[in-house]
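For the sequence shown, position 406 matches number 394 in the working numbering, and the numbering has no gaps at all. Notes follow once the structure below has been shown.
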Amino acid sequence: MQSNLDKLEHNRVLLELEADPKEVADAFNQAYKKVVKQINVPGFRKGKTPRLILEKQYGKEVLYQDAMEILISRGYYEALVEHKLEPVDNPKIDFEDGIEEGKPFKFKAEVEVLPEIKLGQYKGISVEKDTPVVTEEEVDKEIKALQDRHAELVSAEKTVVENGDFAVIDFEGYLEGEPFPGGAAQGYTIEVGAGSFIPGFEAGLLGMALEEEKEIKATFPEEYHQPDFAGKEAVFKVKLHEIKVKELPVLDDEFAKSLGNFETMAALKEDLRKRFLENKEKKAQRDFENAVIEKVVANSSVEVTETLINREVDRLIHNVEHDLEERGLKLEEYLKYSERTIDDLRQEFYPQAENRVKTDLVLSAIAKVEGIIVSEDEINERLDYLLQFYPPATKEAMMKEKKANVIAGINSSLEREKTIKLL
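Structure (structure tokens):
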């Protein structure tokens, strides 16, 4: 099939295609073989009606739609291959005349394609890489955090609540004189001064004595996640039963042994130091790679269209939606609580999406120039690694319904990793 290419603005192209009479005849024959299996004609078994009888019964028009679809699909695909085009959207098809056997069939296809990438310097990029260190202060801070997490709450000999104490209380809250859902509890332990309750409540506990009962006024924040409560003053009836304090474990070898396979406190500190250093080195490597990539992208020239950016925004929002579902939330609820709209979210993601698209296009172009190829063995190895983290039912569904997409994603990810390693 003959095809001509015209380049339009904004990475759009116009393909003008023409099928000769022989190709048209072949398309009609294929259309007949498809249609004859779908139509019942009296006197003939389904699928066995001669073409002349079929056309006489239903008219030649019965084959037009399928014949055109065959020619358009075939011609469009062949033109993409011939002109080495990578479409990013569905084509807009247009034809002035209908289809008729014995005559050529002409049609046009307008489509947006991947932009042309003009690579700049991408080898020998100079970027300074951080050399991470772990300080004793960082290790000691983590040791103290471990000590705090393993502290026990014990009854205090004091009789009055002070800041930092843990108060064991009964409470019941009222809004406009009526109890409200979730506003009551018995034997509840609260750390006074931690800010876990609405403003005013914990301050009202200060100075309370054992078995004392009192009313505490507290106001829900204006941005409170439940709109019916936001900005309203509540009254809580509170009774104090017990005052507790944290009893910290002694930082010695026994404490280290209680945390795992450590014989001494020195061994625990060394393990923390190694893990901190490993994490810092990974971050330093990521920062280094990102800095190199940023320079490579800046050295290159690429025009990114709204279609590609919006597609990436869609992907980012889908990821957010998936993460929320994992926590039992819906996107609509999240947007309501955060007082945002879906358009606000799209606008927030736009710069990130634009940068990601540019980066992916440049890295893909470098991979082509350098002949970077991902082998089937590499894909299978990564696939096996990823599948081990999913339950059997999920793995089966992924491989049955989304195998092609999963493999394509792995291939893209590995190609990206190899390209970054080259840089």
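Heads up, the beta-carbon is just placed ideally off N, CA and C, and yes, glycines get one too.
Contacting residues, own chain, Cβ-Cβ under 8 Å from residue i (five flanking each side not counted)
i: residue 255; result: 244
i: residue 16; result: 51, 55 and 89
i: residue 195; result: 148 and 149
i: residue 211; result: 218 and 327
i: residue 292; result: 103, 342, 345, 346 and 349
i: residue 252; result: 241 and 244
i: residue 91; result: 9 and 12
i: residue 433; result: An answer regarding residue 433 cannot be provided, because it is not within the stretch -11 to 411 covered by the chain.
i: residue 401; result: 370
i: residue 151; result: 180, 181 and 194
i: residue 144; result: 153, 231, 232 and 233
i: residue 412; result: Absent from the model: residue 412. The displayed extent of the chain is -11 to 411, so no value can be given.
i: residue -11; result: 5, 6, 7, 8, 11, 59, 62, 63, 66 and 67
Residue environment, residue i, which counts as buried when at least 16 other CB atoms sit within 10 Å
i: residue 346; result: buried
i: residue 413; result: In this structure the chain extends from -11 to 411, so residue 413 is not present and cannot be described.
i: residue 3; result: buried
i: residue 173; result: exposed
i: residue 412; result: Residue 412 lies beyond the range of the chain shown here (-11 to 411); nothing can be said about it.
i: residue 65; result: exposed
i: residue 329; result: exposed
i: residue 193; result: buried
i: residue 398; result: buried
i: residue 59; result: buried
i: residue -4; result: exposed
i: residue 37; result: buried
i: residue 281; result: buried
i: residue 125; result: exposed
i: residue 246; result: exposed
i: residue 121; result: exposed
i: residue 159; result: buried
i: residue -1; result: buried
i: residue 222; result: buried
i: residue 69; result: exposed
i: residue 357; result: exposed
i: residue 300; result: buried
Supposed close pair residue i, residue j - CB separation, criterion 8 Å
i: residue 333; j: residue 110; result: Going by Cβ atoms, the distance from residue 333 to residue 110 rounds to 33 Å, so no, they are not a contact pair.
i: residue 167; j: residue 161; result: 7 Å
i: residue 164; j: residue 178; result: Between residue 178 and residue 164 the Cβ distance is about 24 Å, and since that is not below 8 Å, they are no contact.
i: residue 395; j: residue 360; result: Their Cβ separation, rounded to whole angstroms, is 17 Å, which puts residue 395 and residue 360 out of contact at 8 Å.
i: residue 71; j: residue -7; result: 5 Å
i: residue 186; j: residue 209; result: 7 Å
i: residue 373; j: residue 213; result: Their Cβ separation, rounded to whole angstroms, is 39 Å, which puts residue 373 and residue 213 out of contact at 8 Å.
Short Cβ contact (7 Å threshold) for residue i with residue j
i: residue 149; j: residue 127; result: no
i: residue 225; j: residue 199; result: no
i: residue 105; j: residue 290; result: yes
i: residue 353; j: residue 297; result: no
i: residue 188; j: residue 206; result: yes
i: residue 309; j: residue 319; result: yes
i: residue 31; j: residue 24; result: no
i: residue -9; j: residue 107; result: no
i: residue 283; j: residue 139; result: no
i: residue 304; j: residue 337; result: yes
i: residue 295; j: residue 1; result: no
Beta-carbon proximity list for residue i, same chain, < 6 Å, skipping 5 on both sides
i: residue 351; result: 404 and 407
i: residue 201; result: 227
i: residue 87; result: 52, 55, 56 and 93
i: residue 279; result: 115
i: residue 197; result: 147 and 148
Close beta carbons around residue i, own chain, < 7 Å, minus the five adjacent residues each side
i: residue 135; result: 236, 237 and 239
i: residue 415; result: Here the chain covers residues -11 to 411 and nothing more, so residue 415 does not appear.
i: residue 142; result: 232, 233 and 235
i: residue 19; result: 51, 54, 55 and 58
i: residue 250; result: 244, 256 and 259
Any C-beta of chain B under 7 Å from that of residue i
i: residue 164; result: Absent here is chain B; the protein component of the structure consists of one chain.
query = Should the segment 149 to 167 be regarded as contacting the segment 219 to 235, the criterion being three or more beta carbon pairs within less than 8 Å?
reply = Yes, the segment 149 to 167 is in contact with the segment 219 to 235.
message = Contact between the segment 95 to 102 and the segment 110 to 128 is defined here as three or more beta-carbon pairs at a separation below 8 Å; is this criterion met?
response = Contact annotation: the segment 95 to 102 does not touch the segment 110 to 128, with fewer than three C-beta pairs closer than 8 Å.
task = Mind the definition here: the segment 71 to 86 touches the segment 33 to 48 only if three or more C-beta pairs lie below 8 Å; say whether that holds.
result = Two segments are said to touch when three or more pairs of C-beta atoms, one from each, lie closer than 8 Å; by this definition the segment 71 to 86 does not touch the segment 33 to 48.
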